[in-house]
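Taking the UniProt record's numbering, the leading residue of the sequence shown gets 1, the next gets one more, and so forth.
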Amino acid sequence: MPKKTMKKFGFYKKLGMTRFFNEKGITLSATVLELDKATIVKKTNTGALVAYAPKNKINKIIAGQIKPIKEKFSKIIEIQSQENLEAGKTLSIDFEKGSKVNAMSVSKGKGFQGVIKRHSFSRGPETHGSQHHRAPGSIGSAFPQRVVKGKKMPGQMGGHRNTTKGLLVIDVDIEKNLIVVKGSVAGPNKTRVMLYQ
């Protein structure tokens, strides 16, 4: 979660990307987000715990019959907010058209990848007996006789929590619980996105 205390926040589901035309007729790439029903289940000293669960489970969590378990950006999320948050309140769209928001989501996982795809390395020659095609090359030197921290090497690509800052809200539909932001938001369709200011 962001370290900065949030004034406004909401949880959404990414529906996909589309084109959007502004007042001047210029085409803008945009991401459509649908409000994800989340309920505040418990107040904390700095904010609240927000849950995604069936209504009967949420009522049990509020009553103290079920102990809330915090998971990494999953069903139970701890929020730091300045607002007066009450247990049982369902979050709604709290952003206006023309405002700027930050979007936090988990990027699309791509599994274990090599240095060419992961870090945009150049490949070696394919002919004339070359043995260097898609290999990373040298990973060290005579000194300090170890692999330096931060060395770009093959490994897990994607599946990390990303924050895109300063996205412009270009349309809001309260009736359909939709919000359209300019640009792209990390993650596949149907992924959970948190918008905050």
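Glycine included, C-beta positions come from ideal geometry on N, C-alpha and C. No experiment lies behind these values; they were computed from the predicted model shown.
Within this structure, are the beta carbons of V115 and H160 separated by less than 9 Å? Judged by their CB atoms, V115 and H160 are not nearer to each other than the 9 Å cut-off.
Between the alpha carbons of K37 and S92, how many angstroms are there, rounded? 8 Å
Excluding the 5 residues preceding and the 5 following R118 in the sequence, name in chain order all residues of the same chain whose CB lies nearer than 8 Å to its CB. K152, P154, G155 and M157
Quick check on DSSP: helix, strand or coil for residue 219? There is no way to answer for residue 219, as the model of the chain reaches only from 1 to 197.
Under DSSP, the beta strand (DSSP E) around R161 begins and ends at which residues? R161 to D173
Assuming I40 is part of the beta strand (DSSP E), what are its boundary residues? T39 to K43
Using 10 angstroms around the beta-carbon of A51, count the other beta-carbons present and answer buried if the total reaches 16, otherwise exposed. Buried is the call here.
Rounded C-alpha distance that separates A87 from K42: 5 Å
Pull up the distance between the alpha-carbon of S120 and that of G109, whole angstroms please. 17 Å
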